[in-house]
DNA sequence: CGACCAGTTTGATATATATCAAGATTCATG
DNA sequence: CATGAATCTTGATATATATCAAACTGGTCG
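Protein chains in written order, with the working numbering: chain X, 6 to 263; chain R, 6 to 263.
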């Protein structure tokens, strides 16, 4: 709440990411003070321990829709905690094909893909006006050697990402188009609920094409599935405004399809 | 090489996994001595540091084809390093659908999915006679607080798993059947090569149905794709024996399909 | 050795989703 | 407020893969 804006020219983003130069701003933010404490990194930390985290995450950057937080191939420096807004991550194949691998929202940590090679393995793109807290990974590792509960939390975050990805594999590998969309909507619903937002009424931040890429479908198929759910009274859609009218039936729909 | 067989009845596997009672044996194994040092955990460790690892990974267990290393829902205790043989991991949906999420081979670490909830999120099943080194996670975490290079290595292993999964998503979400199989074969080839085995001639440890589950295809489609590659002179298949006759063309095939 | 059984191959047909195309709606901008 | 561009919806058709079915293969075991 009491974030202090500041400028630190010595920490300008890399020159190859020109958009960032325009849209980035920097803000001091204190983990010990942040209203995302439950969602984000500092769990089970004493106030004193949380202040140690403050030391390493004082930079906040903002991005506009379409801005890249990082690109595939960028040198790895930091993880990012999403403080406001949302992002998509996508992997690109040489031949130009792209696959959206996830949508990330407030309180989620992004950038874990880069640890293994020291270079990012995917792009992260803002879906709306967004802010992230930068967490220099070296400092995070050093601190997690001191604070076992932070260490465990970091491990849990990475493990959760693995489990999530495996569930997407299940979805892509064995579900039909409408089931995939139902699972997607239910998952969004849960994530909004976990953030104190409505689990039934929300605004999609991504296009039909982006949803389709994530779900392994063409945008027309996504659109048809939305329309079909609507005509069955399961949901109400107006472009990107969603109302999950009959969430139980939507849940029951998944798996019913043999 | 100088592993000493021993029995420790007090450490019998859990009673709900009867098969293990039959097929498990326990062997002392020393990381500092292991010929998998490069592939597995102990990287960049001094001899003294590697001996610390010995302390936590002295149990080796064996499994026969079809045995479960762990099941979805099992309480999380340990990670496992595959010392010999191979495993598959699979997630099961309530409705009975299953999806193979990966095939793991010698030197790879398995069980990372369980950290986030303290319970395993998938099954791990031996594909052949196999041995694993058990790595109690609490001890591994404690040691990695002392040894920064072990800590970093653990992070890299988890990150690598995330990247791998994202590449499977790309495969499942945007590639055609034959491309998926080509990617699968190329990936196996690379992994065999990294272990000093032939990158072109190998024996598949999994059935057509398991390959199909992993690739989001039916077994008949997998079989047809094998036959088609063979009739094009890219590979030679005899049931589970594979010879990648023209690996460059196989690589070029991926992506050619728009 | 022979019979069986699980796994594999191959063929014919069905079907879900992609593709192509045209309008309709929403959004950004001057 | 009007214009154009992007996004979304819907329809007609094409196509890749699933499904169903039958024959073949290889290994196991009495």
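Don't be surprised by glycine CBs; every beta carbon is placed ideally from N, CA and C.
In chain order, what residues of the same chain have a beta carbon less than 7 Å from the beta carbon of residue i, not counting five sequence neighbours either side?
| i | result |
| --- | --- |
| residue 191(R) | 255 and 256 |
| residue 4(R) | Since the first residue shown for chain R is 6 and the last is 263, residue 4(R) is missing from the structure and cannot be characterised. |
| residue 228(R) | 213 |
| residue 203(R) | 197 |
| residue 246(R) | 208 |
| residue 54(R) | 152 |
Looking at C-alpha atoms only, which residue of the options is the closest neighbour of residue i?
| i | options | result |
| --- | --- | --- |
| residue 170(R) | 215(X), 244(X), 92(X) and 126(X) | 126(X) |
| residue 188(R) | 142(R), 201(R) and 174(R) | 174(R) |
| residue 69(X) | 130(X), 204(X) and 202(X) | 130(X) |
| residue 141(R) | 120(R), 244(R), 94(R) and 132(R) | 120(R) |
| residue 100(R) | 180(X), 252(X), 238(X) and 201(X) | 180(X) |
| residue 114(X) | 235(X), 261(X), 43(X) and 222(X) | 43(X) |
| residue 241(X) | 62(X), 206(X), 122(X) and 213(X) | 206(X) |
| residue 200(X) | 65(X), 74(X), 80(X) and 88(X) | 88(X) |
| residue 122(X) | 155(X), 80(X) and 98(X) | 80(X) |
| residue 52(R) | 65(R), 36(R) and 136(R) | 36(R) |
| residue 210(X) | 153(X), 71(X) and 54(X) | 71(X) |
| residue 103(X) | 193(X), 150(X) and 77(X) | 77(X) |
| residue 96(R) | 167(X), 146(X) and 135(X) | 167(X) |
| residue 133(R) | 146(R), 150(R), 172(R) and 74(R) | 74(R) |
Considering residue i, what are the terminal residues of the beta strand (DSSP E) in which it resides?
| i | result |
| --- | --- |
| residue 106(R) | 103-110 |
| residue 81(X) | No beta strand (DSSP E) holds residue 81(X); DSSP gives it neither H nor E. |
| residue 209(X) | It is not in any beta strand (DSSP E) - residue 209(X) carries neither H nor E in the DSSP assignment. |
| residue 252(X) | Not the beta strand (DSSP E): residue 252(X) falls in the alpha helix (DSSP H), residues 252-261. |
| residue 247(X) | 246-248 |
| residue 124(X) | Element bounds for residue 124(X): n/a, residue is neither H nor E. |
Give a yes or no on whether the minimum CB-CB distance between residue i and chain R is below 9 Å.
| i | result |
| --- | --- |
| residue 165(X) | yes |
| residue 212(X) | no |
| residue 112(X) | no |
| residue 130(X) | no |
| residue 80(X) | no |
| residue 259(X) | yes |
| residue 127(X) | yes |
| residue 139(X) | no |
| residue 227(X) | no |
| residue 244(X) | no |
| residue 171(X) | yes |
| residue 195(X) | no |
| residue 186(X) | no |
Could you confirm whether any beta carbon from chain X is found closer than 9 Å to the beta carbon of residue i?
| i | result |
| --- | --- |
| residue 115(R) | no |
| residue 69(R) | no |
| residue 38(R) | no |
| residue 85(R) | no |
| residue 106(R) | yes |
| residue 119(R) | yes |
| residue 253(R) | no |
| residue 250(R) | no |
| residue 102(R) | yes |
| residue 109(R) | no |
Along the chain, where does the alpha helix (DSSP H) that runs through residue i open and close?
| i | result |
| --- | --- |
| residue 216(R) | 213-220 |
| residue 167(X) | 153-179 |
| residue 94(X) | Run containing residue 94(X): none in the alpha helix (DSSP H); it sits in the beta strand (DSSP E), 91-97. |
| residue 51(R) | From DSSP, residue 51(R) is part of no alpha helix (DSSP H); its letter is neither H nor E. |
Short of 8 Å in beta carbon distance, which residues of its chain neighbour residue i, apart from the five on each side in sequence? Order them along the chain.
| i | result |
| --- | --- |
| residue 111(R) | 41, 44, 87, 88, 89, 90, 91 and 200 |
| residue 259(R) | 180, 184, 187, 188 and 191 |
| residue 250(X) | 205, 238, 239, 240 and 241 |
| residue 58(X) | 36, 37, 46, 47, 50, 148 and 155 |
Could you name the residues of the same chain whose beta carbon sits closer than 6 Å to that of residue i, not counting the 5 residues immediately before and after it, in chain order?
| i | result |
| --- | --- |
| residue 23(X) | Because residue 23(X) carries a pLDDT of 35, less than 50, the predicted location of this residue cannot be relied on, and no value is offered for it. |
| residue 177(R) | 221 |
| residue 216(R) | 227 |
| residue 94(X) | 106, 107, 127 and 129 |
| residue 46(X) | none |
Just checking, does the stretch 150-163 of chain R make contact with the stretch 157-167 of chain X on the three C-beta pairs under 8 Å criterion? yes
Could you tell me whether the stretch 80-91 of chain X touches the stretch 134-148 of chain X, using the rule of 3 or more Cβ pairs below 8 Å? yes
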